[in-house]
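In the numbering used here, the protein residues as written are 121 to 356. For each residue, glycine too, the CB sits at the ideal point set by N, CA and C. Below is one structure, written out as structure tokens, with a few remarks after it.
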């Protein structure tokens, strides 16, 4: 089974669409672990959908990393897939493709997607893993999956805040865990004021420097996936 981890806060409409996209998947052996980090709207969305594969919990901690950590402690699947509450799976075979890889080997599986600006869609293709991971985080957190035992061994670092995912990929990369790339537009990433690097810019810059020091990286430029796509750094 695949455990889909979805932290949520104050976006019930988006969350519902994310969950409905899971119902369209051809691979039925999944659970969705929704961890509410706000006022409870996410709990109501899950209750209204009424699918027993959807489980919802209030976040006993605080923040997105703590919410994911709590979900991991509740996960029943052999594989964990991350999905943000404002994103969704486009390819109905996406979970099956993830499972086909991870049922055979320990790896980090990541895919391609579409950056949805509301008025424009931009294809986003990270490309096969390379040393670019030491300079830019091209990997879309939504749609990325790895075995639960691997993830528990690596852990999530709450101190990395907005860059919890890049920190995780870097540690997996340096440990020699293979990365497997799924081609095709698998995930829709909605871009809006709350998830662009222009929002909370100084906080993001501060945490980016913490990430750089932790991993001994050269100076890093504050970017988001939109900036990477517009720079042509992702084979778009």
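For residue i, tell me which candidate among the options has the shortest Cα-Cα distance.
| i | options | result |
| --- | --- | --- |
| residue 234 | 311, 268 and 332 | 311 |
| residue 152 | 164, 131, 239 and 127 | 127 |
| residue 305 | 189, 192, 217 and 322 | 217 |
| residue 328 | 348, 257, 274 and 266 | 257 |
| residue 348 | 255, 155 and 210 | 255 |
| residue 195 | 261, 249, 121 and 322 | 121 |
| residue 269 | 124, 160, 290 and 226 | 226 |
| residue 134 | 207, 176, 146 and 339 | 207 |
| residue 320 | 123, 342 and 289 | 342 |
Is there a C-beta anywhere in chain B that falls below 8 angstroms from the one on residue i?
| i | result |
| --- | --- |
| residue 131 | The structure shown contains no chain B, having only a single protein chain. |
By the DSSP assignment, the alpha helix (DSSP H) with residue i in it spans what residues?
| i | result |
| --- | --- |
| residue 174 | Premise fails: residue 174 lies in the beta strand (DSSP E), 174 to 178, not in any alpha helix (DSSP H). |
| residue 132 | 132 to 143 |
| residue 162 | 161 to 169 |
Specify, as a first and last residue, the run of the beta strand (DSSP E) that residue i falls within.
| i | result |
| --- | --- |
| residue 195 | Looking at the DSSP string, residue 195 is not in any beta strand (DSSP E), and its letter there is neither H nor E. |
| residue 341 | First-last for residue 341: undefined, no H or E at that position. |
| residue 337 | Counting along the chain, residue 337 falls outside any beta strand (DSSP E), and DSSP gives it neither H nor E. |
| residue 240 | Counting along the chain, residue 240 falls outside any beta strand (DSSP E), and DSSP gives it neither H nor E. |
| residue 233 | 228 to 236 |
| residue 267 | 265 to 267 |
Buried or exposed: which applies to residue i, given that a residue is buried once 16 or more other Cβ atoms fall within 10 Å of its Cβ?
| i | result |
| --- | --- |
| residue 193 | exposed |
| residue 355 | Here residue 355 scores only 44 on pLDDT, less than 50, and its place in the model is too uncertain to base an answer on. |
| residue 136 | buried |
| residue 230 | buried |
| residue 129 | buried |
| residue 251 | exposed |
| residue 97 | No information on residue 97 is available, as it lies outside the stretch 121 to 356 that the chain covers here. |
| residue 232 | buried |
| residue 240 | exposed |
| residue 199 | buried |
Looking only at DSSP bridge pairs, what is residue i linked to?
| i | result |
| --- | --- |
| residue 152 | 124 and 174 |
| residue 278 | None; residue 278 has no bridge partner. |
| residue 212 | None, per the DSSP bridge assignment. |
| residue 298 | Answer is none; residue 298 lacks a bridge partner. |
| residue 307 | 209 and 233 |
| residue 222 | Answer by DSSP bridge pairing: none, since residue 222 is not bridged. |
Counting beta carbon pairs with one atom in the stretch 221 to 241 and one in the stretch 251 to 270, are three or more of them shorter than 8 angstroms?
Contact between the stretch 251 to 270 and the stretch 221 to 241 is present, because at least three Cβ pairs lie under 8 angstroms.
Taking one C-beta from the stretch 203 to 210 and one from the stretch 139 to 156 each time, how about it: are there three or more such pairs within less than 8 angstroms?
At 8 angstroms Cβ cutoff, the stretches touch.
If we count Cβ pairs, one from each stretch, closer than 8 angstroms, do we get three or more for the stretch 172 to 190 versus the stretch 208 to 217?
The stretch 172 to 190 vs the stretch 208 to 217: no contact.
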